[in-house]
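Participant: Read in order, the letters of the sequence shown are residues -19 to -1, 1 to 188 in mature numbering (1 follows the signal peptide of the UniProt record, and there is no 0). All C-beta atoms in this analysis are idealised placements derived from N, C-alpha and C, irrespective of residue type, glycine included.
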Amino acid sequence: MKNLIVLLFLVLMNSFCFAQIISDIDEVHMFSEDLAAVKKGDDWGFINKKGELVIDFRSDLALTEKGNKKGKTSSNWYPVFKNGRCLVRKIINEIPYYGYIDTSGKIIIHPQYLNATNFENGFAIIIAPSKEVIGFNEILKKDIISSNIEEFVINTSGEKVRYLENPINYHSSKRKSKTPPVFHSKFIGANLVAVQKNDMKWDIYEF
């Protein structure tokens, strides 16, 4: 009888206890596509709706979603998944480049863009570096190179589906800035993108 009472007591106690899944988290943000960003120290990861850490803490996740800053320990920006992709950032030769991971944490599109947006309706806008030979230096016997940046629409596989026809000269020294170049294009609807030209007027394209 005594053992039965003890057993019943333990069952009742267990019913009022909650399993601790993950602890010592500095920040937790809202779910997006069944994944929520969590921060520990300077690194970010993602949990699923069971509270399980499904993407381990890492330092390369790009902070692209603006949240409500509440409390002294809350960041204003955090990583987020859109269309099954999350932006990552990698410094290569002092220049930040952007790419994407999938919901397993695997890099799907390697960091190669000077700037990139989150995906929207299956597409994103990226800024890619490009070089063009514009002449030849007879004294140095070297090609004269013009460094440009160009904007494209890409799909979730990284395939370029639309060139946005706005090449901009971009000196290599600017690429070493921590601030990425600004976009001159934006989505305005499903399969519609607006592109600002050098004369500050806008063209609208369907893709």
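(1) Note down, in chain order, each residue of its chain lying with its Cβ closer than 8 Å to the Cβ of Phe62, except the 5 sequence neighbours on either side.
(2) Where does His10 land, buried or exposed, given buried means 16+ other C-beta within 10 angstroms?
(3) Taking the straight line between their C-alpha atoms, what separation do you get for Ser4 and Phe38?
(4) What residues match up with Gly80 in a beta bridge as DSSP calls it?
(5) Report all residues from its chain with a CB closer than 7 Å to the CB of Ala18; omit the five preceding and five following residues, and keep chain order.
(6) Please say whether Pro148 and Ser128 have beta carbons closer to each other than 8 Å?
(7) Going by Cα to Cα distance, which pick from Ile76, Asn74, Glu75 and Ile107 is closest to Ile90?
(8) Cβ of Arg70 within 8 Å of Cβ of Asp41?
(9) Between the C-alpha atoms of Glu46 and Leu68, what's the straight-line distance to the nearest angstrom?
(10) Ignore the nearest five residues each way along the sequence and tell me which others in residue 216's own chain have a CB closer than 6 Å to its CB.
(11) So, is Gly32 buried or exposed, given that buried needs 16 or more other C-beta atoms within 10 angstroms?
(12) Reducing DSSP to helix, strand and coil, say where Met181 ends up.
(13) DSSP state of Val61, grouped into three classes?
(14) Here's the rule I'm using: 16 or more other beta-carbon atoms within 10 Å means buried, otherwise exposed. How should Gly80 be labelled?
(15) Restricting to Cα atoms, I'd like to know which of Glu75, Leu44, Phe104 and Ile76 is closest to Gly65.
(16) Could you give the DSSP three-state label for Gly26: helix, strand or coil?
(17) Which word fits Ala171, buried or exposed, when buried means at least 16 other C-beta atoms lie within 10 angstroms of its C-beta?
(18) Leaving aside the five residues before and after Glu101 along the sequence, list all residues of the same chain whose C-beta is less than 8 Å from its C-beta, in chain order.
Facilitator: This is what the structure gives:
(1) Excluding residues within five positions, the ones whose Cβ falls inside 8 Å are Ser13, Glu14, Leu16, Phe27 and Thr84.
(2) Buried: at least 16 other Cβ atoms inside 10 Å.
(3) C-alpha separation (whole angstroms): 13 Å.
(4) Beta-bridge pairing links Gly80 to Val69.
(5) Residues His10, Trp25, Phe27, Tyr59, Pro60 and Val61 of the same chain have their beta carbon placed closer than 7 Å to that of Ala18, with the five preceding and five following residues left out of the count.
(6) No. Outside cutoff.
(7) Between Ile90 and the set Ile76, Asn74, Glu75 and Ile107, the nearest pair of CA atoms involves Ile107.
(8) Judged by their CB atoms, Arg70 and Asp41 are nearer to each other than the 8 Å cut-off.
(9) Approximately 11 Å between the Cα atoms of the pair.
(10) With the chain running from -19 to 188 in the structure shown, residue 216 is simply not present.
(11) With fewer than 16 other Cβ atoms within 10 Å, it is exposed.
(12) Here Met181 sits in coil by DSSP.
(13) Correct three-state label for Val61: coil.
(14) Buried, since its Cβ has 16 or more Cβ neighbours within 10 Å.
(15) Considering only alpha carbons, the answer is Phe104.
(16) Here Gly26 sits in strand by DSSP.
(17) With fewer than 16 other Cβ atoms inside 10 Å of its own Cβ, Ala171 counts as exposed.
(18) Contacts found: Lys63, Asn64 and Phe168.
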